[in-house]
Each structure stands twice: as C-alpha cells, then as structure tokens.
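Chemist:
Numbering (the working numbering), first residue to last: 7 to 71.
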C-alpha cells in the first residue's frame with residue numbers, strides 16, 4: 007500500500023493553476039481516465055495528463071498554454 011499523500015505535486019499544481027477553463031477540463035478528464043480506467047497511480051496520471059495538455063495546447067516560454 008502506498009504511503010504517498012493525496013496532495014498534488016507542487017510543480018503540477020503550479021502549472022495546472024495557469025490553465026484556462028478549456029485546458030483545465032481537458033487535464034482533469036485525461037487524469038481521471040488514466041487513473042480510473044487505465045489504473046495509473048494518481049500522481050503519475052496527473053503529471054501525464056498535464057504533459058498531454060501541454061503537447062496539445064503548446065506550452066510557451068511565458069508558462070501560459
């Protein structure tokens with residue numbers, strides 16, 4: 007059994023905070039699919055989903071998607 011906290015990784019939380027509503031919805035949906043349907047660990051699912059959103063919406067140098 008994992009002893010990790012349910013708290014989101016600080017870097018993921020910081021980056022997710024900069025997402026607009028559409029991007030945030032895409033992130034949350036993808037993270038849920040990865041965690042619940044694919045059985046991926048929650049923290050990994052969140053990071054992976056964020057990477058997919060970054061790829062889709064093209065993260066730029068000002069840290070805005």
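We put the CB at the ideal spot given by N, CA and C, even for glycine.
Rounded C-beta distance between residue 14 and residue 58? I'm assuming under 8 Å.
Modeler: Here residue 14 is taken as the residue at index 8 of the chain shown, counted from 1. Here residue 58 is taken as the residue at index 52 of the chain shown, counted from 1. Wrong, their Cβ atoms sit about 16 Å apart, outside the cutoff.
Chemist: Is the CB-CB distance between residue 21 and residue 56 below 7 Å?
Modeler: Position 15 of the chain shown, counted from the start, is the residue given in the question as residue 21. Position 50 of the chain shown, counted from the start, is the residue given in the question as residue 56. Yes; because the gap between Cβ atoms is below 7 Å, this pair is in contact.
Chemist: Could you have a look at residue 37 and say whether DSSP puts it in helix, strand or coil?
Modeler: Residue 37 sits at position 31 when you count from the first residue of the chain shown. Three-state DSSP puts residue 37 in a helix.
Chemist: Where does the unbroken alpha helix (DSSP H) through residue 49 begin, and where does it stop?
Modeler: Residue mapping note: residue 49 aligns to position 43 of the chain shown, counting from 1. First-last of the alpha helix (DSSP H) with residue 49: 48 to 63.
Chemist: Can you say whether residue 17 is buried or exposed, counting buried as having 16 or more other CB atoms within 10 angstroms of its CB?
Modeler: The residue given as residue 17 occupies position 11 in the chain shown. The residue in question, residue 17, is exposed, as its Cβ has fewer than 16 Cβ neighbours within 10 Å.
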